[in-house]
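Student: Residue numbers (our numbering): 1 to 444. By construction, the Cβ of each residue, glycine as well, lies at the ideal position given by its N, Cα and C atoms. If you scroll down you'll find the structure; I have some questions about it.
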Ligand code: MTE
């Protein structure tokens, strides 16, 4: 922390965080010059004010603002609170051109603007195969069938009367960072890593429900989870995961009911496993004696290997990390002290170490892990850095409690090739050039 003696550097956010939707549309239409001008205009606005020397007379102190001299708004003026209007640039965004229809698409979480480990519910990423619905909870049912003594149907009321657990876990789509297998494809961390969120979920362990139905755990070594949306999302989950007690059917997220986009009123939580298995609008669990090999596990969500074969059922999200500040699209306005901050997570347990390099992987320093450090949850890391104005490459490398070390692109491609979509957990590199611009690069 001694580095703070250096002058504090200022970061300007990535353009999407301070341009309006219309301005972004204009940029997408190819009016690039407009973007440059908007950047210049916005830089004054977006840059944090420089601290003045004492006695210089800062008008922000000398002149009393309206909020110090007038009556504020009454309570409950906004019965369900929303963020400040000054924060409206921070939002989920679709990656332009990624998919053809919004009903089968992704909205990415703005990781660059988040603190700590919890994703605000309104910024949780979205991935739908056939759009989302605001399902009427009084009409929603969870059916249990297959290798059980008693088939059963639960209403939401039934489920919410059972003993519940609340646990903090990350959810990451298996396709997160999937556009970057071959080379750099997207400019900011929102698009490179934003299919990641972390929340406190509340619900009932699936084991308790299967016990109530008399599941045959000897023969029934798998369950099939099915969603109620039009995509007929179905995924096989091995029974060991359910027997561990970790898998639960959740109705709560961050202290309130799930948001409709995230599966309201019921979704499966499968800690450590890729997002596709976290079936939303969960309507059926079938106990069976073998994997089902449904479309979402035989055709999609499989790993294409360099020899042309596919790997199936590679569900666990391996240890991964990313620096969120400074990151792609941001601009360092000064030489001086920066707090490098980022997120690390592992589908196999706790994060035990994160190393950070500012010279493209030649030298590494150990970052501070902020508490809480939870199993199968995001861990926040921070480390100080004094930027001397010279080119730098910022990287983070996480290690989990199994000793697994996050691989470089070179190491990952040696085993997996470059043609895959899923499970890219390579070390992310952000390049800083003399002008202070930060961009996405790949270091082997
Ligand atoms: N469940 C249903 N029923 N339908 C879906 O389209 N998408 C899956 C999974 N569960 C999906 C689903 C995928 S691919 C992911 S990554 C996660 O939900 C995304 O969850 P989120 O939208 O809450 O972020």
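1) Could you give the first and the last residue of the continuous alpha helix (DSSP H) run that contains residue 410?
2) Is the region 284 to 294 touching the region 220 to 232 in the sense that three or more CB pairs, one from each, lie closer than 8 Å?
3) For residue 262, is the beta carbon positioned less than 7 Å from some heavy atom of the ligand MTE?
4) Taking the alpha-carbon positions, what's the residue 125 to residue 178 distance?
5) Measuring from the CB of residue 433, is there a heavy atom of the ligand MTE at a distance below 7 Å?
6) Look at the Cβ atom of residue 395, then the Cβ atom of residue 443, and state whether they are nearer than 8 Å.
7) Indicate whether the contact test is met: 3 or more Cβ pairs, each with one atom in the region 232 to 248 and one in the region 302 to 310, closer than 8 Å.
8) Is it buried or exposed for residue 104, if we count other Cβ within 10 angstroms and need 16 for buried?
9) Secondary structure at residue 205, three-state DSSP: helix, strand or coil?
10) Which one or two residues does DSSP pair with residue 187 in a beta bridge?
11) Kindly give me the distance between the Cβ atoms of residue 373 and residue 397, rounded to whole angstroms, as I take these residues to be in contact under 8 Å.
12) In this structure, how does DSSP classify residue 138 when only helix, strand and coil are distinguished?
13) Among 89, 130 and 114, which one has its Cα closest to the Cα of residue 100?
14) Taking DSSP's pairing of strands, which residues face residue 126 in a bridge?
15) Using only the heavy atoms of the ligand MTE, determine whether one of them is closer than 7 Å to the beta carbon of residue 127.
16) For residue 273, is the beta carbon positioned less than 7 Å from some heavy atom of the ligand MTE?
17) For the region 374 to 388 against the region 325 to 344, do three or more pairs of beta-carbon atoms, one drawn from each stretch, fall closer than 8 Å, so that the two count as touching?
18) If you follow the beta strand (DSSP E) that residue 345 is part of, which residue opens it and which one closes it?
19) Taking only runs of the beta strand (DSSP E) that begin and end inside the region 137 to 167, which ones reach a length of at least 3 residues, in chain order?
20) Using the three-state DSSP reduction, which class does residue 331 fall into: helix, strand or coil?
21) Would the region 362 to 380 and the region 201 to 219 be scored as touching if the rule is three or more Cβ pairs under 8 Å?
22) Taking only the alpha-carbon atoms, compute the straight-line gap between residue 148 and residue 117 and give it to the nearest angstrom.
23) Report the rounded CA-to-CA distance for residue 43 versus residue 18, giving the unit in angstroms.
24) Below 7 Å, is the gap between the Cβ of residue 171 and the nearest heavy atom of the ligand MTE?
25) Roughly how many angstroms separate the alpha carbons of residue 79 and residue 265, rounded to a whole number?
26) Quick one: Cα of residue 353 to Cα of residue 216, how far?
27) Buried or exposed, going by whether 16 or more other CB atoms sit within 10 Å of the CB of residue 60?
28) In this structure, does DSSP put residue 32 in helix, strand or coil?
29) Between which two residues does the beta strand (DSSP E) holding residue 430 run?
Tutor: Result, derived from the coordinates:
1) 409 to 416
2) yes
3) yes
4) 15 Å
5) no
6) yes
7) no
8) exposed
9) strand
10) None, per the DSSP bridge assignment.
11) Going by Cβ atoms, the distance from residue 373 to residue 397 rounds to 17 Å, so no, they are not a contact pair.
12) helix
13) 130
14) 107
15) yes
16) no
17) yes
18) 336 to 345
19) 141 to 146 and 152 to 155
20) strand
21) no
22) 38 Å
23) Its pLDDT being 48, under 50, residue 43 is placed unreliably in this model, and the value from its coordinates should be taken loosely. Rounded to the nearest angstrom, the two C-alpha atoms are 9 Å apart.
24) yes
25) 22 Å
26) 41 Å
27) exposed
28) Per-residue confidence for residue 32 stands at a pLDDT of 49, beneath the threshold of 50, marking its modelled position as unreliable; the derived number appears in the next sentence. Looking at residue 32 - three-state DSSP - the assignment turns out to be helix.
29) 429 to 432
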